[in-house]
Amino acid sequence: RNKVRDLFYHGYNSYLRYGASCMQLAPLSCAGRGPDWYKPENIAVNDVNGNFSLTLIDTLDTLVVFGDTEAFEDAVQRVISHVSFDVDTKPQVFETNIRVLGGLLSAHIFANQSGHPFHLPWYRGELLELAHDLGKRFLPAFSTPTGIPYARVNLRHGLTKGESLESCECAAGAGSLILEFATLSRLTGDARFEKAARKAFFAVWNAKSDIGLVGNQINIWTGAWHFPQMSSIGAGIDSFFEYALKWYVLSGDHEFLDVWNESYASVMRYSRSQDGLWFRRVDLNTGNLMYYTLDSLSAFWPGLQVLAGDVENAIKSHLFYWNIWQRYSGLPEVWDMNYKTATSMAFPLRPEFVESTWYLYRATRDPFYLDVGERILKDITSRSKVLCGITGIADLRTNQRDDRMESFVLSETLKYLYLLFDEENPLHTDDSNWVFTTEGHILALGAPHLKQPSKAVRAMRRMEAPQCPSYMPPEFGADIDGWQVPGLEVGVRSRSDWDYATYLVGGPMRNDSFAAAHWHAEGMCTLPQVDLYMYEFLMSVDGGHVAEDASPAKDKLALVPGGFVVHDVA
Numbered sequence: 001r002n003k004v005r006d007l008f009y010h011g012y013n014s015y016l017r018y019g020a021s022c023m024q025l026a027p028l029s030c031a032g033r034g035p036d037w038y039k040p041e042n043i044a045v046n047d048v049n050g051n052f053s054l055t056l057i058d059t060l061d062t063l064v065v066f067g068d069t070e071a072f073e074d075a076v077q078r079v080i081s082h083v084s085f086d087v088d089t090k091p092q093v094f095e096t097n098i099r100v101l102g103g104l105l106s107a108h109i110f111a112n113q114s115g116h117p118f119h120l121p122w123y124r125g126e127l128l129e130l131a132h133d134l135g136k137r138f139l140p141a142f143s144t145p146t147g148i149p150y151a152r153v154n155l156r157h158g159l160t161k162g163e164s165l166e167s168c169e170c171a172a173g174a175g176s177l178i179l180e181f182a183t184l185s186r187l188t189g190d191a192r193f194e195k196a197a198r199k200a201f202f203a204v205w206n207a208k209s210d211i212g213l214v215g216n217q218i219n220i221w222t223g224a225w226h227f228p229q230m231s232s233i234g235a236g237i238d239s240f241f242e243y244a245l246k247w248y249v250l251s252g253d254h255e256f257l258d259v260w261n262e263s264y265a266s267v268m269r270y271s272r273s274q275d276g277l278w279f280r281r282v283d284l285n286t287g288n289l290m291y292y293t294l295d296s297l298s299a300f301w302p303g304l305q306v307l308a309g310d311v312e313n314a315i316k317s318h319l320f321y322w323n324i325w326q327r328y329s330g331l332p333e334v335w336d337m338n339y340k341t342a343t344s345m346a347f348p349l350r351p352e353f354v355e356s357t358w359y360l361y362r363a364t365r366d367p368f369y370l371d372v373g374e375r376i377l378k379d380i381t382s383r384s385k386v387l388c389g390i391t392g393i394a395d396l397r398t399n400q401r402d403d404r405m406e407s408f409v410l411s412e413t414l415k416y417l418y419l420l421f422d423e424e425n426p427l428h429t430d431d432s433n434w435v436f437t438t439e440g441h442i443l444a445l446g447a448p449h450l451k452q453p454s455k456a457v458r459a460m461r462r463m464e465a466p467q468c469p470s471y472m473p474p475e476f477g478a479d480i481d482g483w484q485v486p487g488l489e490v491g492v493r494s495r496s497d498w499d500y501a502t503y504l505v506g507g508p509m510r511n512d513s514f515a516a517a518h519w520h521a522e523g524m525c526t527l528p529q530v531d532l533y534m535y536e537f538l539m540s541v542d543g544g545h546v547a548e549d550a551s552p553a554k555d556k557l558a559l560v561p562g563g564f565v566v567h568d569v570a
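Put into structure tokens, the structure is as follows:
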């Protein structure tokens with residue numbers, strides 16, 4: 001835990017020192033990064049960098065998780081003093097929503113909560129005002145027949161001519177607004193945001209195929225899917241599923257639970273591989289396999305399965321990504337199942353695999369997941385920690401570094417890693433309806449901001465029990481004369497599919513350090529192979545004595561791995 005804490009503050013303090021007035025940190029250059037003013041069409045940079053202290057806002061509630069009240073108050077004051085959204089930039093609605101709007105709302109909830117350790121007595125709702133201002137600047141993007149927003153909007157001038165007809169590039173962009181937008185409406189009383197996000201979400205869901213799958217690219221004017229009509233759990237679709245389940249958890253809105261249950265059933269039927277360990281990219285309309293590639297964003301899925309109660313399948317999904325991590329000491333952006341190799345070697349320190357590891361540890365308490373976290377921490381520290389911060393990896397094969405510290409490194413990756421090792425964190429004993437957004441921001445709604453379902457809905461739902469069976473760790477037990485003798489609880493490493501998950505990604509069947517040291521083609525334990533030696537003793541005649549040649553004595557002992565053997569004297 002302390003090592004994660006040290007790594008976080010190394011990155012955070014470097015950002016404050018070298019890039020506090022900028023969007024992100026360039027840790028190799030020891031400087032800040034901002035928008036590409038000379039190339040507005042450079043969406044790879046400008047979708048995120050809108051010139052409003054991105055990393056600072058995105059990190060606010062991480063300081064809460066770390067229990068740092070002093071740093072939290074300082075960061076809130078910095079945001080209030082320096083951040084304005086009256087800027088002539090055109091960031092992506094989706095990215096700005098999850099990183100900035102979510103960060104402001106989460107920090108406001110903590111700063112405004114009386115009796116909470118992070119309550120700020122001088123605070124007067126300034127962060128909520130900033131969030132409200134940003135939300136209003138988003139609204140012109142929703143001026144479409146379907147309600148699906150434009151991908152990008154100019155924060156000062158609104159929509160401009162020639163906008164793309166794609167919704168935030170993907171279904172996830174349109175369907176991953178409800179948590180932040182609805183929370184903003186509930187806290188401000190301005191219903192426009194929740195209405196807009198809800199309409200966009202169900203515009204995507206209502207466009208699902210006949211077999212219940214959601215596609216990737218969608219036309220904001222017609223609601224038709226763009227070609228290729230492909231469905232997956234990865235980039236472009238991922239957080240649509242996440243927000244369906246999490247808005248139900250946060251608000252109790254059963255319509256979103258229905259969406260989650262139906263979409264999960266379709267994914268498990270059509271996208272899941274036959275062995276159940278990985279998820280395919282399939283045809284939206286038929287469910288047939290289209291591509292063998294997976295992306296690193298899909299590593300969030302085991303965590304979402306845990307939240308839904310399907311722990312057994314979450315364990316299997318996680319094993320797949322864990323074996324890829326071991327092979328590369330990081331999670332490459334794209335993996336090809338057909339050739340069992342990565343095809344895009346970049347690793348910007350994404351949080352999804354760490355997030356799923358945390359969820360699984362909280363659900364199972366299996367120390368295996370602590371070992372996974374320790375490996376993650378070791379790899380990130382050794383590969384990415386530099387003098388002026390924490391840098392992404394451009395190529396996992398050579399450790400070529402990318403001169404950028406993404407804001408999610410501080411807001412998500414190290415947050416989840418810290419929570420994995422911090423058993424006493426207050427979040428772990430908070431049974432309220434709080435959730436993590438897809439950017440790792442903590443949102444919660446109190447009773448005054450929740451809407452109670454109607455009597456008809458309550459009556460209809462009364463008999464439902466959507467919970468999955470509780471997780472039961474595997475045991476080695478015995479059945480003696482009909483009596484079941486309690487056995488020894490064993491962990492994930494003892495699962496029957498442990499080796500298969502390794503084989504699936506092209507790794508050796510036993511790739512942990514212990515097994516690698518002791519494995520042998522003829523079995524785990526083999527007899528030592530040594531050369532035999534015959535000892536001869538000469539006895540003197542007539543009672544005399546002849547000095548014995550002691551030179552063979554050194555051969556009486558034979559060294560073997562792990563010890564030695566003594567030859568019999570014949």
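So for the sequence shown, the UniProt record's numbering puts the first residue at 1; every next one is plus one.
The beta-carbon is built from N, C-alpha and C at its ideal position, and this holds for glycine as well.
If you're wondering where the values come from, they're calculated on a predicted model, not measured in any experiment.
How close, in whole Å, do the beta carbons of residue 296 and residue 355 come, if the pair is a contact with beta carbons under 8 angstroms?
-> On the sequence shown, residue 296 is found 296 positions in, with the first residue counted as 1. On the sequence shown, residue 355 is found 355 positions in, with the first residue counted as 1. Actually they do not touch by this definition, with Cβ atoms about 12 angstroms apart.
For the beta strand (DSSP E) that residue 344 lies in, which residues bound it at each end?
-> Counted from its first residue, the sequence shown places residue 344 at position 344. Where residue 344 is concerned, the enclosing beta strand (DSSP E) stretches over 341–344.
Could you give the C-beta distance for residue 178 and residue 201, rounded to a whole number, given that I count them as a contact under 8 angstroms?
-> Within the sequence shown, numbered from 1, the residue matching residue 178 stands at position 178. Within the sequence shown, numbered from 1, the residue matching residue 201 stands at position 201. So it is a contact: roughly 5 angstroms between Cβ atoms.
What are the boundary residues of the alpha helix (DSSP H) that residue 133 is part of?
-> Locating residue 133 in the sequence shown gives position 133, where the first residue counts as 1. Counting along the chain, the alpha helix (DSSP H) containing residue 133 begins and ends at 126–138.
Sub-8 angstroms separation of residue 101 and residue 131 beta-carbons = By one-based count along the sequence shown, residue 101 stands at place 101. By one-based count along the sequence shown, residue 131 stands at place 131. The Cβ atoms of residue 101 and residue 131 sit closer than 8 angstroms to each other.
Just curious, the alpha helix (DSSP H) that residue 60 is in, first and last residue?
-> One-based indexing of the sequence shown puts residue 60 at position 60. For residue 60, the uninterrupted alpha helix (DSSP H) run begins and ends at 60–65, by DSSP.
Which whole-angstrom value is the C-beta distance of residue 360 and residue 314, which I expect to be below 8 angstroms?
-> Numbered from 1 along the sequence shown, position 360 holds the residue referred to as residue 360. Numbered from 1 along the sequence shown, position 314 holds the residue referred to as residue 314. About 6 angstroms separates the beta carbon of residue 360 from that of residue 314, a gap short enough to meet the 8 angstroms contact definition.
Can you have a look at residue 522 and say buried or exposed, based on whether 16 or more other CB atoms are within 10 angstroms of its CB?
-> Here residue 522 corresponds to residue number 522 of the sequence shown, with the count starting at 1. Because residue 522 sits at a pLDDT of 41, beneath the cut-off of 50, its placement in the model cannot be relied upon, and the following sentence gives the value as read from the coordinates. By the neighbour-count definition (other C-beta atoms within 10 Å, threshold 16), residue 522 is an exposed residue.
Tell me the DSSP bridge mates of residue 146?
-> Translated into the one-based positions of the sequence shown, residue 146 becomes position 146. In the DSSP assignment, residue 146 forms no beta bridge with any residue.
Do you know offhand how far residue 368's Cα is from residue 36's?
-> Taking the first residue of the sequence shown as position 1, residue 368 is located at position 368. Taking the first residue of the sequence shown as position 1, residue 36 is located at position 36. Rounded to the nearest angstrom, the two C-alpha atoms are 43 angstroms apart.
Which of the three DSSP states, helix, strand or coil, is assigned to residue 527?
-> As a first step, residue 527 is located in the sequence shown; it is residue number 527 there, counting from the start. Residue confidence is low: residue 527 scores 44 on pLDDT, short of 50, so the model does not pin down where it sits. Its coordinate-derived value is still stated next. Secondary structure at residue 527: coil, using DSSP grouped into helix, strand and coil.
How many Å lie between residue 288 and residue 494 at the Cα?
-> What you label residue 288 is simply residue 288 of the sequence shown in a count that begins at 1. What you label residue 494 is simply residue 494 of the sequence shown in a count that begins at 1. Straight through space, the alpha carbons of residue 494 and residue 288 are spaced by roughly 33 angstroms.
Shortest alpha-carbon distance to residue 145 belongs to which of 186, 176 and 199?
-> Your numbering for residue 145 matches position 145 in the sequence shown. Of the listed residues, the one whose Cα sits closest to residue 145 is 199.
As assigned by DSSP and simplified to three states, the class of residue 109 | Translated into positions along the sequence shown, residue 109 becomes position 109. DSSP, reduced to helix, strand and coil, places residue 109 within a helical segment of the structure shown.
Which of helix, strand or coil does DSSP assign to residue 72?
-> In the sequence shown, the residue the question calls residue 72 occupies position 72. In the three-state scheme derived from DSSP, where H, G and I count as helix and E and B as strand, residue 72 is classed as helix.
Helix or strand or just coil, what does DSSP make of residue 536?
-> Along the sequence shown, read from residue 1 onward, the residue named residue 536 stands at position 536. Because the pLDDT at residue 536 is just 49, under 50, the model does not fix this residue reliably, and the value given afterwards should be weighed accordingly. Reduced to three states, the DSSP call for residue 536 is coil.
CA-CA distance, residue 520 and residue 491?
-> Translated into the one-based positions of the sequence shown, residue 520 becomes position 520. Translated into the one-based positions of the sequence shown, residue 491 becomes position 491. The predicted position of residue 520 is uncertain, since its pLDDT is 42 and thus under 50; no value can be drawn from it.
Extent of the continuous beta strand (DSSP E) to which residue 24 belongs | Indexing the sequence shown from 1 puts residue 24 at position 24. First-last of the beta strand (DSSP E) with residue 24: 24–26.
Boundaries (first-last residue) of the beta strand (DSSP E) holding residue 31 = For this step, residue 31 is matched to residue 31 along the sequence shown. In the DSSP assignment, residue 31 falls within the beta strand (DSSP E) that extends over 31–33.
Would you list the residues sitting across from residue 218 in a DSSP beta bridge?
-> Translated into positions along the sequence shown, residue 218 becomes position 218. Its beta-bridge partners are 225.
Per DSSP, residue 335 forms a beta bridge with which residues?
-> As a first step, residue 335 is located in the sequence shown; it is residue number 335 there, counting from the start. DSSP output for residue 335 lists 294 and 342 as bridge partner(s).
To the nearest angstrom, report how far apart residue 263 and residue 171 are at their CA atoms.
-> Counted from its first residue, the sequence shown places residue 263 at position 263. Counted from its first residue, the sequence shown places residue 171 at position 171. Rounded to the nearest angstrom, the two C-alpha atoms are 13 angstroms apart.
Anticipated Cβ contact below 8 angstroms, residue 45 with residue 91, distance rounded | For the purposes of this step, residue 45 is taken as the residue at position 45 of the sequence shown. For the purposes of this step, residue 91 is taken as the residue at position 91 of the sequence shown. 10 angstroms between Cβ atoms; not a contact.
Tell me whether residue 227 is buried or exposed, calling it buried when 16 or more other Cβ atoms sit within 10 Å of its Cβ.
-> The count along the sequence shown starts at 1 and reaches residue 227 at position 227. Classification of residue 227: exposed, given that the 10 Å Cβ count is below 16.
Around the C-beta of residue 50, are 16 or more other C-beta atoms found within 10 angstroms, so that it is buried, or is it exposed?
-> Here residue 50 corresponds to residue number 50 of the sequence shown, with the count starting at 1. The residue in question, residue 50, is buried, as its Cβ has 16 or more Cβ neighbours within 10 Å.
Do you know whose CA, among 216, 402, 242 and 203, lies nearest residue 223's CA?
-> The residue given as residue 223 occupies position 223 in the sequence shown. Ranking the options by Cα distance to residue 223, first place goes to 203.
Could you pull the start and end residues of the alpha helix (DSSP H) that residue 440 belongs to?
-> To locate residue 440, count along the sequence shown from 1; it is residue 440. Neither: residue 440 is in no alpha helix (DSSP H) and is coded neither H nor E.
Opposite residue 282 in the DSSP bridges: which residues?
-> Position 282 of the sequence shown, counted from the start, is the residue given in the question as residue 282. Note: residue 282 sits in a beta bridge opposite 231 and 289.
State the Cα-Cα distance for the pair residue 259 and residue 43, rounded to the nearest angstrom.
-> Here residue 259 is taken as the residue at index 259 of the sequence shown, counted from 1. Here residue 43 is taken as the residue at index 43 of the sequence shown, counted from 1. Roughly 31 angstroms between the two C-alpha positions.
Run the CB neighbour count on residue 406, radius 10 Å, all protein chains shown included, and call it buried at 16 or more, exposed below.
-> Walking along the sequence shown from the start, residue 406 turns up at place 406. Classified as buried, residue 406 has 16 or more neighbouring CB atoms from the shown chains inside 10 Å of its CB.
In three-state DSSP terms, what is residue 309?
-> Numbered from its first residue, the sequence shown carries residue 309 at position 309. Correct three-state label for residue 309: coil.
Which of the three DSSP states, helix, strand or coil, is assigned to residue 400?
-> Numbered from its first residue, the sequence shown carries residue 400 at position 400. In the structure shown, residue 400 sits in a strand (DSSP, three-state: E or B).
Between which two residues does the beta strand (DSSP E) containing residue 395 stretch?
-> Within the sequence shown, the letter at position 395 stands for residue 395. 392–395 is the extent of the beta strand (DSSP E) around residue 395.
Among all the DSSP beta bridges, which residues are the ones paired with residue 415?
-> Locating residue 415 in the sequence shown gives position 415, where the first residue counts as 1. Partner(s): none; residue 415 has no beta bridge.
Residue range of the alpha helix (DSSP H) that includes residue 13 = On the sequence shown, residue 13 is found 13 positions in, with the first residue counted as 1. Segment 2–18, the alpha helix (DSSP H) holding residue 13.
Using DSSP with H/G/I as helix, E/B as strand and the rest coil, what is residue 389?
-> One-based indexing of the sequence shown puts residue 389 at position 389. Residue 389: strand per DSSP, three-state reduction.
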